[in-house]
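Here the working numbering is used: position 175 in the sequence shown is 171, and no number is missing along the way. Backbone N, C-alpha and C fix where the C-beta goes; we use that ideal spot for every residue, glycine too. Quick caveat: nothing in here was measured; it's all calculated off a predicted structure.
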Amino acid sequence: MVTVGFVVEGASEKRLVESELFRKWLREDCNLKVVDPVVDAAGNGNMCSHNIETFVKNLRTIANPNKVVVLADLDPDICAPCVQKRKEIIGSQGIDLVVIAKKAMESWFLADTKAMRQWLGNDAFCEPHPETLDEMPDEMPWDRLKKLRTKQCRGPGSKLSFARKFIHVHGFDVRRAARHAHCPSARYFVERLCALGNPN
């Protein structure tokens, strides 16, 4: 089995990688075993600098994974205008796979219709374009989540508490997000991870 270490942008991504459902899928379907610690870069700024090289080097020293994956948000207004530029900023030194969630990983939450319906208590909910949010193209996915919940008089709380609850209580599954017709970055994440563990 191939061991894989993760460097992630923030707490939401860390929660995903640390979840048992995610790790079970990687073991059983992708021939990948996640090693700890999952390195939290603690924000976009740290993913837009040479700090990423230090994070990767430390992860390889501590956990010695066969492969290293970096998971970051695009955050187009903050860091880079497009995925290709974002990847160039992160670089490839010691990294086997870089995945950029558009606009942010919360887009993937919006794309998991089953988990969203459970969280909202609304069996009719469907976000048609979770990565572009066509109705409000300048809106970030986190803002969209807050608006959806505020309509029911109660917000989602902090990003960390929401991610924990959405993953562990409502059963967020990145494979379902990947099956959404308009969430290609989640699909890329799922497909490339499986290819990483099963290169043939």
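Once you ignore the five residues that flank Lys10 on each side, which residues in its own chain have a CB closer than 6 Å to its CB? Val4, Val34, Asp36
Label Cys122 either buried or exposed according to how many other C-beta atoms from any shown protein chain fall within 10 Å of its C-beta, with 16 as the threshold for buried. exposed
Just reading off the alpha helix (DSSP H) that Lys53 is part of, what are its end residues? 47 to 59
Determine the contact status of Trp30 and Val0, defining contact as a CB-CB distance below 7 Å. A quick correction: the sequence has Val, not Trp, at residue 30. Yes, Cβ-Cβ distance for Val30 and Val0 is below 7 Å.
CA-CA distance, Glu49 and Val66? 11 Å
So Ala173 and Asp108 are in contact, right, with Cβ under 8 Å, and what is the actual spacing, rounded? 5 Å
Rounding to the nearest angstrom, what Cα-Cα distance links Asn47 and Asn196 in this structure? 33 Å
In three-state DSSP terms, what is Leu129? coil
For Ser154, which option in His164, Val165, Lys142 has the closest C-alpha, if you only look at C-alpha atoms? Lys142
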